[in-house]
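Undergrad: Last residue of the sequence shown? That's 111 in our numbering, and every number before it is there in order.
Beta carbons are placed, not taken as given, at the ideal position from N, Cα and C, and that holds for glycine.
In this text the structure is predicted, and so the values were computed from the model without any measurement.
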Amino acid sequence: AHPSIEVIYVAKGVMHELRLIGQAPTQDFGPQLEGPDLRNRTKDAFAHHAISQGEMLVNEIGSVHQSYTKGEGCVLLCLWSSAHADIPCDHMPKASFLNQDIEETATTIS
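#1: According to DSSP, which residues form a beta bridge with Ile52?
#2: Just to check my reading of the structure: Ala12 and Ser64 have Cβ atoms closer than 8 Å, yes? What is that Cβ distance to the nearest angstrom?
#3: Would DSSP call Asp91 helix, strand or coil?
#4: Per DSSP, which one or two residues make a beta bridge with Val76?
#5: Would you give the residue range spanned by the beta strand (DSSP E) that Val59 belongs to?
#6: Check for me: the beta strand (DSSP E) holding His66 runs from which residue to which?
#7: Under 8 Å by Cβ, that's how I've got Arg42 and Pro94 pegged, so tell me the actual separation to the nearest angstrom.
#8: Assuming the contact rule is C-beta atoms closer than 8 Å, Val76 and Val8 should be a hit. Round their C-beta distance to whole Å, please.
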């Protein structure tokens, strides 16, 4: 989760991500920068996005997403405060579908 704003420009290739839909669950991460509790979120609470060469993405405070690449890879220009609010493993959605979706999506490259 993002305790500050992040701006990404895709200079080459495509960046993929699974993003939590709707309003950020929190904008207060505490002094230890701990991300929100996502245990009650389902797969339907996340959407896949592909950001292509020449496109920009702004991650607002509190946004929750997991970025990854596929076979085409990507080159990014990223403006980021280097602060990140990690989500503890025991606060991740049940069945860990985020990592599963990434693996499934990455293996369906044509």
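TA: On the basis of the supplied data:
#1: Counting from 1 along the sequence shown, the entry for residue 52 is found at position 51. DSSP lists Met16 as partners of Ile52.
#2: In the sequence shown, residue 12 corresponds to position 11, counting from 1. In the sequence shown, residue 64 corresponds to position 63, counting from 1. Incorrect: roughly 21 Å between the Cβ atoms, too far for contact.
#3: Position 90 of the sequence shown, counting from 1, holds the residue named residue 91. The answer is helix: DSSP assigns Asp91 an H, G or I state.
#4: If you number the sequence shown from 1, residue 76 lands on position 75. For Val76, which the question treats as bridged, DSSP gives the partners Lys13.
#5: Residue numbering aside, residue 59 sits at position 58 when the sequence shown is read from its first letter. First-last of the beta strand (DSSP E) with Val59: Met57 to Asn60.
#6: Mapped onto the sequence shown, residue 66 falls at position 65. Its beta strand (DSSP E) spans residues His66 to Tyr69.
#7: Numbered from its first residue, the sequence shown carries residue 42 at position 41. Numbered from its first residue, the sequence shown carries residue 94 at position 93. With 8 Å as the limit, Arg42 and Pro94 qualify as a contact, their Cβ atoms being about 5 Å apart.
#8: To locate residue 76, count along the sequence shown from 1; it is residue 75. To locate residue 8, count along the sequence shown from 1; it is residue 7. Between Val8 and Val76 the Cβ distance is about 15 Å, and since that is not below 8 Å, they are no contact.
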